[in-house]
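Peer 1: Read in order, the letters of the sequence shown correspond to residues 5 to 545 in the working numbering. Cβ atoms here follow ideal geometry from the backbone N, Cα and C, with glycine treated the same way.
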Amino acid sequence: MKKLIAIIILSFLLRFVLLDKVPPSLNWDEVSQGYNAYSILKTGRDEWGVSFPVTNFRAYGDHPTTFYMYAAIPFIYLFGPSEFSVRLPAVIFGSLLPLLIYLLTEHLTEKKSVALTAAFFSAVSPWSILLSRQTIQAIPATSLLTFGILLFVVGMKKKTWLAIIGTAVLGLSAFAYHNTRIFSPLFLVVLLFLYRRRLLANLKLLAIILTTAVILFVPTTSAALSAEGSARSAFVGIINPGAINEINTARGASTLPPLFARLVHNKVTYFIPKAVTNYLGYFSPQFLFLKGGSQYQFSVQGFGIVNPLESLFFYLGLLTLVINLRKLDLSKKVILYWLLLSPLPAAITNDPYQVVRATTMLPAVYLVTAIGLTRALDRKVIFTVFWVIYLSWLALYLKNLFFDYSNKYSQAWQYGYKQVFQLLKAYPNQKVIITKRYGEPHLFYAFYSQLDPKIIQDKTRSLRFPKSDWFWTDKIDQVYFVNDWDIPTGQVDQIRLESGGAVDTHDSILVTSPDHVPVNLSIIKTVYFLDGQSAFVIGRL
Numbered sequence: 005m006k007k008l009i010a011i012i013i014l015s016f017l018l019r020f021v022l023l024d025k026v027p028p029s030l031n032w033d034e035v036s037q038g039y040n041a042y043s044i045l046k047t048g049r050d051e052w053g054v055s056f057p058v059t060n061f062r063a064y065g066d067h068p069t070t071f072y073m074y075a076a077i078p079f080i081y082l083f084g085p086s087e088f089s090v091r092l093p094a095v096i097f098g099s100l101l102p103l104l105i106y107l108l109t110e111h112l113t114e115k116k117s118v119a120l121t122a123a124f125f126s127a128v129s130p131w132s133i134l135l136s137r138q139t140i141q142a143i144p145a146t147s148l149l150t151f152g153i154l155l156f157v158v159g160m161k162k163k164t165w166l167a168i169i170g171t172a173v174l175g176l177s178a179f180a181y182h183n184t185r186i187f188s189p190l191f192l193v194v195l196l197f198l199y200r201r202r203l204l205a206n207l208k209l210l211a212i213i214l215t216t217a218v219i220l221f222v223p224t225t226s227a228a229l230s231a232e233g234s235a236r237s238a239f240v241g242i243i244n245p246g247a248i249n250e251i252n253t254a255r256g257a258s259t260l261p262p263l264f265a266r267l268v269h270n271k272v273t274y275f276i277p278k279a280v281t282n283y284l285g286y287f288s289p290q291f292l293f294l295k296g297g298s299q300y301q302f303s304v305q306g307f308g309i310v311n312p313l314e315s316l317f318f319y320l321g322l323l324t325l326v327i328n329l330r331k332l333d334l335s336k337k338v339i340l341y342w343l344l345l346s347p348l349p350a351a352i353t354n355d356p357y358q359v360v361r362a363t364t365m366l367p368a369v370y371l372v373t374a375i376g377l378t379r380a381l382d383r384k385v386i387f388t389v390f391w392v393i394y395l396s397w398l399a400l401y402l403k404n405l406f407f408d409y410s411n412k413y414s415q416a417w418q419y420g421y422k423q424v425f426q427l428l429k430a431y432p433n434q435k436v437i438i439t440k441r442y443g444e445p446h447l448f449y450a451f452y453s454q455l456d457p458k459i460i461q462d463k464t465r466s467l468r469f470p471k472s473d474w475f476w477t478d479k480i481d482q483v484y485f486v487n488d489w490d491i492p493t494g495q496v497d498q499i500r501l502e503s504g505g506a507v508d509t510h511d512s513i514l515v516t517s518p519d520h521v522p523v524n525l526s527i528i529k530t531v532y533f534l535d536g537q538s539a540f541v542i543g544r545l
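1. Is alanine 127 near leucine 14, with beta carbons less than 8 Å apart?
2. Per DSSP, what kind of secondary structure is threonine 253 in: helix, strand or coil?
3. Just how far apart, CA to CA, sit valine 35 and phenylalanine 448?
4. Bridge partners of alanine 506, per DSSP?
5. Taking its Cβ as the centre, do 16 or more other Cβ atoms sit within 10 Å of valine 392, making it buried, or is it exposed?
6. Can you check which of these residues, Arg201, Val157, Leu30, is closest to isoleucine 140 by C-alpha distance?
7. Taking three-plus beta-carbon pairs below 8 Å as touching, is the stretch 180 to 192 in contact with the stretch 207 to 227?
8. In three-state terms, what does DSSP make of alanine 362?
9. If you check the beta carbons only, do proline 28 and tyrosine 419 fall under 8 Å apart?
10. Using alpha carbons as the reference points, say which of Gln454, Asp478, Phe318 lies closest to threonine 464.
11. Using a threshold of 7 Å, is the CB atom of arginine 544 nearer than that to any non-hydrogen atom of the ligand FAD?
12. Please go through the same chain and pick out, in chain order, the residues whose beta-carbon is closer than 8 Å to the beta-carbon of leucine 602, but skip the five residues on each side of it.
13. Just to confirm, is the Cβ distance from valine 26 to tyrosine 409 under 8 Å?
14. What three-state label does DSSP hand arginine 185 in the structure shown?
15. With distance defined between alpha-carbon atoms, name the residue in Asp490, Tyr74, Ala506 nearest to valine 521.
16. Closest by CA to isoleucine 242, which one among Thr281, Phe221, Ser258, Thr225?
17. Cβ atoms of isoleucine 527 and valine 541: under 8 Å apart, would you say?
18. Can you tell me whether methionine 365 is buried or exposed? The criterion is at least 16 other CB atoms within 10 Å of its CB, across all chains shown.
19. Output the boundary residues of the beta strand (DSSP E) element that contains isoleucine 133.
20. According to the neighbour-count rule (16 or more other Cβ atoms, all chains shown, within 10 Å of its Cβ), is aspartate 50 buried or exposed?
21. Quick check: the Cα distance between valine 369 and leucine 101, rounded to an integer number of angstroms?
22. Measure the C-alpha to C-alpha separation of proline 518 and leucine 525 and round it to an integer number of angstroms.
23. Which stretch, first to last residue, makes up the beta strand (DSSP E) that contains phenylalanine 291?
24. Is alanine 75 helix, strand or coil when you go by DSSP?
25. Let me check one thing: in DSSP terms, what residues is valine 541 bridge-paired to?
26. Do the stretch 281 to 297 and the stretch 342 to 358 meet, that is, are 3 or more Cβ pairs less than 8 Å apart?
27. Please classify glutamate 114: is it buried, with 16 or more other beta-carbons within 10 angstroms of its beta-carbon, or exposed?
28. Among Gln495, Pro492, Ile459, which one has its Cα closest to the Cα of isoleucine 480?
29. Look at the Cβ atom of phenylalanine 451, then the Cβ atom of glycine 65, and state whether they are nearer than 8 Å.
30. According to DSSP, what are the bridge partners of glycine 241?
31. If I'm right that leucine 154 touches histidine 182 with Cβ under 8 Å, what's the distance once you round it to whole angstroms?
32. To the nearest whole angstrom, what separates the beta carbons of valine 95 and serine 136, a pair I think is in contact under 8 Å?
33. Between leucine 195 and the rest of its own chain, which residues show a CB-CB distance below 6 Å, the 5 nearest in sequence each way excluded?
34. Please tell me whether methionine 160 and arginine 200 are closer than 8 Å, where the distance is taken between their beta carbons.
35. Give me, in chain order, the residues of the same chain whose beta-carbon lies closer than 6 Å to that of leucine 18; leave out the 5 immediate sequence neighbours on both sides.
36. With three or more beta-carbon pairs closer than 8 Å as the criterion, would you say the stretch 325 to 332 touches the stretch 307 to 317?
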């Protein structure tokens with residue numbers, strides 16, 4: 005018990021320490037979650053005036069899930085809108101994930117040593133640490149998924165009512181992120197199949213589980229099939245406008261007769277190879293142990309998302325389960341099927357090796373790795389060498405995360421908005437014009453200014469419009485938001501608005517990029533990224 009408590013404390017500290025500085029700032033997704041939570045807290049409506057959205061809220065037009073937004077409300081109530089309050093739900097769910105993995109592993113393997121190993125791996129996991137330090141839906145969704153599976157399998161073995169609660173938690177996880185919206189109902193079907201004999205012997209229990217599943221999964225499935233959900237799928241799915249163009253181009257270039265060209269080049273023949281390649285890629289050493297994902301916000305570049313020393317034991321554990329498939333008891337089959345099915349939500353998206361979309365794999369990877377490790381390290385000398393090398397790599401990773409990462413990638417985190425809006429507090433009731441160079445400045449303004457949500461909800465006081473599957477904002481009261489390329493470097497008297505018309509720049513404050521500084525701008529301050537490059541130039545016109 006002392007070891008488990010130490011692991012949980014370590015898990016919390018790795019996610020909580022310097023929370024407002026690593027990552028270096030809130031990005032646009034984080035301020036969107038935070039401000040919409042603030043808006044619902046104050047008005048009962050999101051920024052678009054929708055009362056208590058259930059499955060998704062509009063945000064920028066990307067329609068994120070709602071669970072994290074509601075989870076942030078108590079902390080915003082206690083501490084106000086800030087990096088701390090918005091990121092704290094992720095810290096809590098991320099810190100508890102090792103505990104859930106421990107309980108599940110102990111139940112499935114009946115070995116405390118394996119459970120402690122899996123819990124420790126997840127506590128110090130590069131995959132989990134960085135994601136648990138930011139406002140992102142994936143970690144709460146993964147924790148709910150793990151908790152739901154834990155309750156279900158325990159219920160099947162001991163107290164059946166826990167299986168009903170487990171089903172409800174799996175249903176709740178579908179409100180937390182898009183990957184669990186696909187994986188949770190799929191894996192519930194797997195669980196029902198694996199435990200079919202016990203469930204058929206208790207038809208009342210089966211009926212309650214199915215009813216619970218229908219009540220909770222139908223709304224999220226309907227949301228995924230709605231116009232908004234379809235729009236998102238068209239944007240991130242394998243079959244997207246770019247893929248359609250590729251298919252049509254291939255048909256046009258084919259020397260086959262038209263009918264055969266259509267049979268060879270179509271959505272099915274395009275989708276299946278892409279999905280299979282993506283799927284296998286999520287098990288590759290390159291993704292898991294060497295390079296991780298390509299997005300700076302979700303993994304530290306130059307490091308895998310799993311300690312590379314775990315690779316041999318992960319593949320050993322996986323091989324052991326696959327070879328002994330026919331001999332596996334139900335518990336081991338749960339582990340194997342979880343691992344094999346978990347990459348599916350990420351595999352059917354258009355850009356492979358997505359750290360966030362593959363988080364349904366995270367608990368299963370560490371569980372399988374712990375199984376492989378305990379089978380291999382039966383000698384003290386090998387055991388000691390393993391941990392020396394393991395902890396040395398971990399120390400190098402943590403040094404990069406806490407001391408180097410923010411300086412290198414502050415621009416990727418849209419650093420500088422907070423500093424801009426803190427400075428602008430000295431100019432109340434002043435017309436302000438802000439570049440859109442770094443993306444969605446209107447919600448940074450609303451968040452850091454703690455703007456009354458009724459103002460942004462009021463269509464007469466804000467200028468907002470849809471364009472190219474996105475929702476844009478050009479104005480909130482006397483604050484205007486303009487494209488960077490529309491800010492001239494010569495004399496400026498007015499700047500074009502994307503929605504049409506222009507804003508008069510007379511007697512205004514301009515926040516621009518260093519590449520678009522008008523000659524008649526009287527510079528007040530320059531805000532720099534943490535690597536020393538200029539981010540914003542603020543001045544009077």
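Peer 2: In this structure, then:
1. For the purposes of this step, residue 127 is taken as residue 123 along the sequence shown, with counting starting at 1. For the purposes of this step, residue 14 is taken as residue 10 along the sequence shown, with counting starting at 1. Yes; because the gap between Cβ atoms is below 8 Å, this pair is in contact.
2. For the purposes of this step, residue 253 is identified with residue 249 of the sequence shown, where counting begins at 1. Of the three classes helix, strand and coil, the one that applies to threonine 253 here is helix, per DSSP.
3. By 1-based counting over the sequence shown, the position of residue 35 is 31. By 1-based counting over the sequence shown, the position of residue 448 is 444. The straight-line gap from Cα to Cα measures roughly 6 Å.
4. In the sequence shown, residue 506 corresponds to position 502, counting from 1. In the DSSP output, where bridge partners are listed per residue, alanine 506 has Arg500.
5. The residue given as residue 392 occupies position 388 in the sequence shown. Label assigned to valine 392: exposed.
6. The residue you call residue 140 lines up with position 136 of the sequence shown. Cα-wise, what sits closest to isoleucine 140 is Leu30.
7. yes
8. Your numbering for residue 362 matches position 358 in the sequence shown. Correct three-state label for alanine 362: coil.
9. In the sequence shown, residue 28 corresponds to position 24, counting from 1. In the sequence shown, residue 419 corresponds to position 415, counting from 1. Result yes, Cβ atoms of proline 28 and tyrosine 419 sit closer than 8 Å.
10. Residue 464 sits at position 460 when you count from the first residue of the sequence shown. Looking at the Cα atoms, Asp478 is the closest of the given residues.
11. Of ligands this structure carries none, so the ligand FAD is not represented either.
12. Here the chain covers residues 5 to 545 and nothing more, so residue 602 does not appear.
13. The count along the sequence shown starts at 1 and reaches residue 26 at position 22. The count along the sequence shown starts at 1 and reaches residue 409 at position 405. Yes; because the gap between Cβ atoms is below 8 Å, this pair is in contact.
14. In the sequence shown, residue 185 corresponds to position 181, counting from 1. Arginine 185 falls in the helix class under three-state DSSP.
15. Your numbering for residue 521 matches position 517 in the sequence shown. Closest by alpha carbon: Asp490.
16. Position 238 of the sequence shown, counting from 1, holds the residue named residue 242. Here the closest residue by C-alpha is Thr281.
17. If you number the sequence shown from 1, residue 541 lands on position 537. If you number the sequence shown from 1, residue 527 lands on position 523. Yes.
18. Sequence index remark: in the sequence shown, residue 365 carries index 361 (1-based). Looking at its Cβ environment, which holds 16 or more other Cβ atoms inside 10 Å, methionine 365 is buried.
19. Locating residue 133 in the sequence shown gives position 129, where the first residue counts as 1. Where isoleucine 133 is concerned, there is no enclosing beta strand (DSSP E), although the alpha helix (DSSP H) it sits in stretches over 130 to 135.
20. Within the sequence shown, the letter at position 46 stands for residue 50. Aspartate 50 should be labelled buried.
21. To locate residue 369, count along the sequence shown from 1; it is residue 365. To locate residue 101, count along the sequence shown from 1; it is residue 97. Roughly 13 Å separates the two Cα atoms.
22. Indexing the sequence shown from 1 puts residue 518 at position 514. Indexing the sequence shown from 1 puts residue 525 at position 521. Cα to Cα, proline 518 sits roughly 12 Å from leucine 525.
23. Taking the sequence shown and counting its residues from 1, one reaches residue 291 at position 287. Unbroken run through phenylalanine 291: none, as it is neither H nor E.
24. Position 71 of the sequence shown, counting from 1, holds the residue named residue 75. Helix.
25. Residue numbering aside, residue 541 sits at position 537 when the sequence shown is read from its first letter. Its beta-bridge partners are Thr516, Thr530.
26. yes
27. Here residue 114 is taken as the residue at index 110 of the sequence shown, counted from 1. Exposed.
28. For this step, residue 480 is matched to residue 476 along the sequence shown. Checked all of Gln495, Pro492, Ile459; the closest Cα to isoleucine 480 is Ile459.
29. For the purposes of this step, residue 451 is taken as the residue at position 447 of the sequence shown. For the purposes of this step, residue 65 is taken as the residue at position 61 of the sequence shown. No, these two residues do not count as a Cβ contact at 8 Å.
30. Translated into the one-based positions of the sequence shown, residue 241 becomes position 237. In DSSP, glycine 241 forms a bridge with Thr353.
31. For the purposes of this step, residue 154 is identified with residue 150 of the sequence shown, where counting begins at 1. For the purposes of this step, residue 182 is identified with residue 178 of the sequence shown, where counting begins at 1. 22 Å between Cβ atoms; not a contact.
32. Numbered from 1 along the sequence shown, position 91 holds the residue referred to as residue 95. Numbered from 1 along the sequence shown, position 132 holds the residue referred to as residue 136. Contact holds; Cβ gap of about 6 Å.
33. In the sequence shown, counting from the first residue as 1, residue 195 sits at position 191. Contacts found: Phe156.
34. Counted from its first residue, the sequence shown places residue 160 at position 156. Counted from its first residue, the sequence shown places residue 200 at position 196. Their beta carbons are not under 8 Å apart, which means methionine 160 does not touch arginine 200 by this criterion.
35. Your numbering for residue 18 matches position 14 in the sequence shown. The residues are Ile133.
36. no
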